[in-house]
Structures are given as structure tokens and as C-alpha cells.
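All you need for the numbering used here is the position in the sequence shown, starting with 1, plus 311. Beta carbons: idealized from backbone N, C-alpha and C, even for Gly.
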Amino acid sequence: MSYIMVDIESDGPIPGDFSMICFGAVLVNEELDTTFYGKLKPISEKFNPDALAVSGFSREETMQFDDPKEVMLAFEEWIEKNSKGRPIFISDNNGFDWMFICWYFHHFTGKNPFGYSSRRLSDLYCGLEKDTFAQWKHLRKTEHTHHPVDDAKGNAEVLLYMKKEMGLKIGLK
């Protein structure tokens, strides 16, 4: 199995009514050099300017982004090419990130290569610390910039730290 750390940016709180603007993924391995980045044209007229501002893009810029179906098909192909065994979706905030990725996969391709489950990085860390309020973001090496590849890479660094320094047993292939 392969862990794939994912981060998304959107222009609102839910998929369908709002749009995933861009997302990044990194194959979790020692090198963290296998990445995917997709920029998606909005699927809805609705958008929240404050939410969109987090991505750093204007609405006009996003209207020039790639067709969402093409991006999701390319991401599916990237997952198939770069993962061994079942791919495991993991993110900082999987309640949010998973919701968009899962919806977009099912809506545009008819299936989700990650299946029906995901992992949340924070919960793993809190479990290892035996503290539901444990803080972990200081363990990132890559700066959190809201560019989804940077953010996914920083989160993957934390997962690798938990494996090496805290004894988390994960099979990385």
C-alpha cells in the first residue's frame, strides 16, 4: 500500500455548490519527490471571495484553469502509476480535503481510486501522543504556503517523522 498526502484549495465550503480550485498530492516516501498538482476550472457560478483568496488566485484566473474531468483523470493515472497496492488517502484535514477529492472523482470519473476511506494526520499524531489536543504543525519542514503541493509535502514530512521518531508503524512502499 502507498500513502498519498493530499491538500486542496477551494472557493467555498462544499463541493458541487462551490469548486475545488487546485490540489496537490505527494507520494509519501523518503524522497517526497513524486508529486501531482492540478488546477481546476470552477464548476459553479457560486464562490466565496474570502475562501478563494486563500488560494492566491483571482476568479478570472481560475476561469482559465483546466477542465476538472481531465485533471481528475490525470490524477487517477498518476495514482495508478505511482502507488503500489492500495493507495491510502491521508491529509491534514481529511473532512474537508477528502470531501472534495471524493466528490470530484465520483462526479467526473465515476469512481474513486482511494475507495471509501481516508486517514487524518492530526488524529494519528494525537493518538501517538495520547493527547487529543497535541500540536504537530511545528514538525513540518516545508513552509505552509497554501500552495497545495507545499502543504502536502510539509504534512508528509510530519508523517515520516512519526514513523521514524515516534514508532508509527506504516508500510511505505
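query                                                                                                         : result
Which listed residue (Gly323, Val339, Glu341, Asn340) has its alpha carbon closest to that of Cys333          : Gly323
Every unbroken alpha helix (DSSP H) within the segment 360-447, with a cutoff of 4 residues, ordered by chain : 360-366, 370-373, 379-393, 405-420, 432-440
Closest Cα partner of Val337 within the set Leu470, Ala362, Gly478                                            : Leu470
Cβ-Cβ distance between Ala467 and Leu351 below 8 Å                                                            : no
Ser366 and His457 closer than 8 Å at C-beta                                                                   : yes
Cβ-based burial, Pro398 [other Cβ within 10 Å; buried from 16]                                                : buried
Straight-line gap, Lys395 to Phe386 (C-alpha atoms, nearest Å)                                                : 15 Å
Three-state secondary structure assigned by DSSP to Leu471                                                    : helix
8 Å contact criterion, which Val339 and Met316 should meet: CB distance rounded                               : 6 Å
Continuous beta strand (DSSP E) stretch holding Gly335: start and end                                         : 331-338
Classification of Phe444 by the beta-carbon crowding that lies within 10 angstroms, buried from 16 upward     : exposed
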